[in-house]
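Protein chains in written order, with our numbering: chain E, 1 to 493; chain C, 1001 to 1265.
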């Protein structure tokens, strides 16, 4: 579906010359981006590229209905720019990030504060949005949490039990991932990509590999693309199963909680069967997959998969049958489809608001060009819907794997990666288990990575959690939080 | 489905907790590789093939000296194993890797080809913690893999609670700290405050390559290359992430709860 747009269109997992990315004066660039967002398109990535002392802005838009991506850039500028956030909430965190990373000020940004940088005592110290009134009290939680969880700070404004506003302050996990890639790829880069979010190793490593392959003008062997698709669904199965268990645990429904805890491990062990590591480290490399699965290994995978799927089916049946679970899940942490679209929500959280968006379907690349996974949607936007979408996706992933493991493609799994094309830009989207993983790679005249922008699905979705909490009892925060289960390190980079 | 069915199903499944450490340890995945063994005596003269492929600078060969591999820095990518022309670096498929002293992770010299496994806590601490060890977990820029495989120890398959080991929701209730991640500068204060909030005597466990030395992010300005520069560490458990079995072995080794399994691979 082609339509008039000043942006240059490109397909997921492809590259184009930097010179072919349309360039406009700053005001026109922002007007063009705003116009597309106004039409309901999605902002996949929005970042700065330094040019000497000045800065260019680059926008990557996703035209989901047209199955295409669109890129454009501004001319270099200094000082400030009028914030898109004032009219388009999707740009909110991107513009804060641009300000933090490059010092240019988004004017009239409604909530301009750091995203992740250290300011001496950590990101939580600073001004929080405050609700005033005699009955209002404030609750501060974190960075260190009660369980075995990554750190983040949550600041609640409450009237009694009711949460009026939640502000989430992150940045505690900042490891300098993007900065480190500049001038690369370096020897450690692929290992850093695998640990951008350790539970999304396959998602991020595949996006990285796709981006580099696009820049090198090559493609991984088909069998490697197939293996990556298998591993991506195994990653989804493990995490979705773990989430169903954790959601059950949060409403004290122990049969499903304890069963899913174990089954999640069984899925992780299937990934380990392929590559030795439960999280898929070493499985994906630019150029392909270094470790192939022989027939014996794949048949074992198929068999063990069937057992785990049968077990998760049983554990989920208990969950859906229990009235005590339904009453806690339904109408809790509600988010409207309109809100979700407005903030650019992605992944299962978006699909649980009735939004049909899934990279595997909208922007198929790699093996997903040949084998599709139906999009799982549920309309209600509450905890129940987010749990339900996970369950629907567990079933679809299971079906996909069964089908794929019964028709194994032949061939090599590894190829050598040619040199990266100089002065080129590549965009790679992958539907990780949390949603859209977006990697944008830009090379300089020497063919080295000049700028590398990573957008984890959590970057879009933390705002969704904050909105879902409005009007909820604060005691439902753990349940709501778990229903999103977002990444801290993927956000903090 | 009624509660009755749920209970029946539960009964049919029986006990799903593994027999280890009384019984055999669950097998590591065959492609896991386990701990590395480095026999520097086997190295070719002047060869530094392993040094140049290591992504975390875990291997060094200063001129005139023999190869030394720091398993604390290692993220177990096994690139060195692949390129070594003299098979001086090999995988042992041994899950046991936890040590008490940082230097016990440095491999290479004769007599030091493998990790020098952790000794148990002294008698006094063992009396205090041996049957009840409460830990507070602080993730300080961990990627959620070490965290996930620590969490898994609480599931029915591993059932960490049967050893009296439990993760607690307040440092005031804890005997020790389990740290993951390279310790970002943004987490420095929170980590120190958590440590101070622990009543004495207290122990500290650094879990995973990041918490030991910075892992894949070694050398970045945004973190501290591990926990040991900020708090005294009593147990180092290598891996990226360590397999749950490696973590359990480390915890039980510290408490002297492994019995015969202490020697078993």
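Glycine is no exception: its CB is placed at the ideal position from the N, C-alpha and C atoms.
- Taking 8 Å as the cut-off between beta carbons, the residues of the segment 1152 to 1167 of chain C near chain E are 1152, 1154, 1155, 1156, 1157, 1167, in sequence order.
- Here residue 250 of chain E has 478, 479, 482 as same chain residues with Cβ atoms under 8 Å from its own Cβ, once five neighbours each way along the sequence are excluded.
- Within 9 Å of the CB of residue 489 of chain E, the CB atoms of chain C belong to 1139, 1141, 1142, 1143, 1144, 1181, in sequence order along the chain.
- For residue 1070 of chain C, the secondary structure class from DSSP, reduced to helix, strand or coil, is strand.
- Nearest CB-CB separation between residue 1190 of chain C and chain E: below the 7 Å threshold.
- For residue 1055 of chain C, the residues of chain E that pass the 7 Å Cβ criterion are 187, 188, 191, in the order they occur in the chain.
- Cα atoms of residue 449 of chain E and residue 409 of chain E: separation of roughly 33 Å, rounded to the nearest angstrom.
- Taking residue 1035 of chain C as reference, the option from C:1171, C:1255, C:1237 with the minimal CA-CA separation is C:1237.
- In the three-state reduction of the DSSP assignment, residue 487 of chain E falls in the coil class, being assigned neither a helical nor a strand state.
- Around the beta carbon of residue 404 of chain E, 16 or more other beta carbons sit within 10 angstroms, so the residue counts as buried.
- Within the segment 1230 to 1263 of chain C, those residues whose Cβ lies closer than 9 Å to any Cβ of chain E are, in chain order, 1240, 1241, 1243, 1244.
- Residue 462 of chain E is bridged by DSSP to nothing; it lacks a bridge partner.
- 7 Å or more divides the Cβ of residue 286 of chain E from the Cβ of residue 413 of chain E.
- Not a single CB atom of chain E sits nearer than 7 Å to the CB of residue 1116 of chain C.
- Residue environment for residue 111 of chain E: exposed (fewer than 16 other C-beta atoms within 10 angstroms of its C-beta).
- The three-state reading of DSSP puts residue 315 of chain E in helix, counting H, G and I together.
- Counting along the chain, the unbroken beta strand (DSSP E) around residue 453 of chain E starts and ends at 449 to 455.
- The shortest CA-to-CA distance from residue 18 of chain E to any of E:41, E:59, E:31 is the one to E:59.
- For residue 1080 of chain C, the enclosing alpha helix (DSSP H) covers residues 1079 to 1083.
- Under the Cβ criterion of 7 Å, residue 174 of chain E is counted among the residues facing chain C.
- CA-to-CA, the gap between residue 457 of chain E and residue 367 of chain E works out to about 21 Å.
- Between the alpha carbons of residue 1198 of chain C and residue 1122 of chain C lies a distance of about 19 Å.
- Along the segment 280 to 301 of chain E, the positions whose C-beta sits under 8 Å from a C-beta of chain C are 281, 282, 291, read in chain order.
- Residue 1262 of chain C is bridged by DSSP to nothing; it lacks a bridge partner.
- For the pair residue 1214 of chain C and residue 1229 of chain C, the CB atoms are not nearer than the 7 Å cut-off.
- For residue 1234 of chain C and residue 378 of chain E, the gap between their C-alpha atoms comes out near 49 Å.
- Bridge partners of residue 414 of chain E according to DSSP: E:288.
- The straight-line gap separating the alpha-carbon atoms of residue 177 of chain E and residue 116 of chain E is approximately 12 Å.
- Using a 10 angstroms sphere on the CB of residue 32 of chain E, the tally of other CB atoms reaches 16 or more, which defines it as buried.
- Within the segment 1009 to 1027 of chain C, the residues whose Cβ lies closer than 8 Å to any Cβ of chain E are, in chain order, 1009, 1010, 1016.
- With respect to the C-alpha of residue 426 of chain E, the residue from E:7, E:5, E:4, E:12 having the closest C-alpha is E:12.
- Separation of the CB atoms of residue 1020 of chain C and residue 1261 of chain C is rounded to 7 Å, and the pair is thereby assigned contact status at 8 Å.
- Exclusion of the five residues before and after residue 351 of chain E leaves 357, 358, 375, 376, 377, 378, 389 as the residues of its chain whose Cβ lies within less than 8 Å of its Cβ.
- When only Cα atoms are considered, residue 338 of chain E and residue 381 of chain E end up about 10 Å apart.
- By the CB criterion at 7 Å, residue 68 of chain E and residue 9 of chain E fall inside the cutoff.
- Of all residues in the segment 231 to 247 of chain E, none places a beta-carbon less than 7 Å from a beta-carbon of chain C.
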